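Visitor:
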Amino acid sequence: MTDFPSLSLETPAEHPFAQFVRILGKGKRGARNLTREEAREAMGMVLDEKVEDTQLGAFLMLLRHKEESAEEMAGFTEALRERLVVPALTVDLDWPTYAGKKRHLPWYLLAAKCLGQNGVRIFMHGGGAHTAGRLYTEQLLGLLQIPLCRDWQQVGSALDNGGLAFMPLVDWAPQMQRMIDLRNTLGLRSPIHSLARILNPLGARCGLQSIFHPGYQAVHRDASGLLGDTAIVIKGDGGEIEINPDADSHLYGTTGGTSWDEEWPRLSEQRHVKPESLDPEHLKAVWRGDVEDSYPQLALIATMALALRGLGLAREEVFERARQYWDARDRSI
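The numbering of the sequence shown is our numbering, which starts it at 837 and goes up by one.
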């Protein structure tokens, strides 16, 4: 006798998270953005692991397809901040580093190291190497003697002793890291890559953000503004917080809920030739002063100036201050 599957005679209850997938995916006419409150509730369910994997994948890709709004990003951020358990540490700059570099070396690391030597307290965080062919911060920490911190006590000690600390996302927001790691399963980056840049988990005086894709910079600035944060968003080289001296830079700022914009002209009249390969040892050579190289010096000075601008220094003085810091650096490494 053949055993047939039983018939479903009662309508199953809808999963509580299904409403959020429906809001985003209900066709061209029926779909809409999540409100800030809906976004906070939805991300809260994700972080509390009350969502099926199929729902999570659909949710992330629907957001990716339509492009996330400032209200959604603000709501997602609030959900995560509500669940974070972090110490009260004094931090000047939140410095997310999630993109990796492929055209130029990560000169922003020397900029951050130099700022740290001069009393600027920087919390740097990243999500690991997720795309082939790129150099990531995590791969260069030992080479450049930047502290890798695996808990908040180590972060506090590094900030007190050198002004710069790096902590992997997986150690303070493992659910976020899991979603970032879905990039190679889903085939596309998700809004979590954007969210990680806005979080500013320690409440730094200023959050620096780099968004490479056009149009997203203003969304990030507006999300930080809704949260009441001070932030500067740029289109950094390769998606990292690094000024490209061969291109004009637009600064999207927000302070006290008020948006502001600033144009920084390119620093070089002629474009530099892209290096044939990326040799990390060249970072050390530039730091030590063993070589003279126009592109990195312009890039790192301008990146330091950007950071100082975020801390409230006037545009007229940030480049001079950055040069002073660079000239006075401890060159041992």
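Even glycine gets a Cβ: it sits at the ideal position worked out from N, Cα and C.
Quick caveat, the model's predicted, so the values are computed rather than measured.
Residues in the same chain with beta-carbon distance under 8 Å from E885, minus the five sequence neighbours each way, listed in chain order, please.
Guide: Position 49 of the sequence shown holds residue 885. Contacts found: Q1011.
Visitor: For K864, is the beta carbon positioned less than 7 Å from some heavy atom of the ligand NAP?
Guide: By its list of ligands, the structure shown contains no ligand whatsoever, and the ligand NAP lies outside what it can speak to.
Visitor: How is S1026 classed by DSSP in three states: helix, strand or coil?
Guide: On the sequence shown, position 190 is the one that residue 1026 refers to. Looking at S1026 - three-state DSSP - the assignment turns out to be coil, as it is neither helix nor strand.
Visitor: Residue ranges of each alpha helix (DSSP H) run of no fewer than 4 residues wholly in the segment 874-924, ordered along the chain?
Guide: The alpha helix (DSSP H) runs lying completely inside the segment 874-924 and spanning 4 residues or more are 889-902 and 906-919, given in chain order.
Visitor: By DSSP's criteria, I859 is part of a beta bridge. Which residues make up the other side?
Guide: As a first step, residue 859 must be located in the sequence shown, where it is residue number 23. Partner(s): none; I859 has no beta bridge.
Visitor: Kindly indicate which three-state DSSP category I1169 falls into: helix, strand or coil?
Guide: Indexing the sequence shown from 1 puts residue 1169 at position 333. Note: I1169 maps to coil in three-state DSSP.
Visitor: Decide if the segment 989-1009 is in contact with the segment 951-964; the criterion is three or more beta carbon pairs, one per stretch, under 8 Å apart.
Guide: yes
Visitor: Spatial neighbours of L1149 within its chain, please: C-beta separation below 8 Å, excluding the five flanking residues on both sides.
Guide: Numbered from its first residue, the sequence shown carries residue 1149 at position 313. R1157.
Visitor: Grouping DSSP H, G and I as helix and E and B as strand, with all else coil, what is G964?
Guide: Translated into positions along the sequence shown, residue 964 becomes position 128. In the structure shown, G964 sits in coil (DSSP, three-state: anything other than H, G, I, E or B).
Visitor: Mapping the DSSP letters down to three states, classify S780 as helix, strand or coil.
Guide: In the structure as shown, the chain starts at 837 and stops at 1169, and residue 780 therefore has no counterpart that could be examined.
Visitor: Compute the Euclidean distance between the alpha carbons of R858 and V922, then round it to the nearest angstrom.
Guide: Indexing the sequence shown from 1 puts residue 858 at position 22. Indexing the sequence shown from 1 puts residue 922 at position 86. Looking at the two C-alpha atoms, the distance is approximately 34 Å.
Visitor: Taking the C-alpha atoms as reference points, what is the distance between G1089 and V927?
Guide: By one-based count along the sequence shown, residue 1089 stands at place 253. By one-based count along the sequence shown, residue 927 stands at place 91. The straight-line gap from Cα to Cα measures roughly 19 Å.
Visitor: Quick one: which unbroken alpha helix (DSSP H) runs of 4-plus residues sit fully inside the segment 969-1046? Chain order, please.
Guide: 977-980, 988-998, 1005-1008, 1010-1016, 1019-1022 and 1027-1034
Visitor: Just how far apart, CA to CA, sit A948 and T1021?
Guide: In the sequence shown, counting from the first residue as 1, residue 948 sits at position 112. In the sequence shown, counting from the first residue as 1, residue 1021 sits at position 185. Going from the Cα of A948 to the Cα of T1021 covers about 33 Å.
Visitor: Quick one, are the C-beta atoms of G998 and L925 less than 8 Å apart?
Guide: Walking along the sequence shown from the start, residue 998 turns up at place 162. Walking along the sequence shown from the start, residue 925 turns up at place 89. Cβ distance not < 8 Å, so G998 and L925 don't count as in contact.
Visitor: How long is the line joining the alpha carbons of V1069 and P841, rounded to whole angstroms?
Guide: Here residue 1069 corresponds to residue number 233 of the sequence shown, with the count starting at 1. Here residue 841 corresponds to residue number 5 of the sequence shown, with the count starting at 1. Answer to the nearest angstrom: the Cα atoms are 56 Å apart.
Visitor: Assuming the contact rule is C-beta atoms closer than 8 Å, I1169 and L980 should be a hit. Round their C-beta distance to whole Å, please.
Guide: Start at 1 with the first residue of the sequence shown, and residue 1169 comes out as number 333. Start at 1 with the first residue of the sequence shown, and residue 980 comes out as number 144. At roughly 7 Å, the Cβ-Cβ gap stays under 8 Å, so I1169 and L980 are in contact.
Visitor: In terms of alpha-carbon separation, which member of W943, Y934, L1103 and K1071 lies closest to S1026?
Guide: Position 190 of the sequence shown holds residue 1026. The shortest Cα separation from S1026 among W943, Y934, L1103 and K1071 belongs to Y934.
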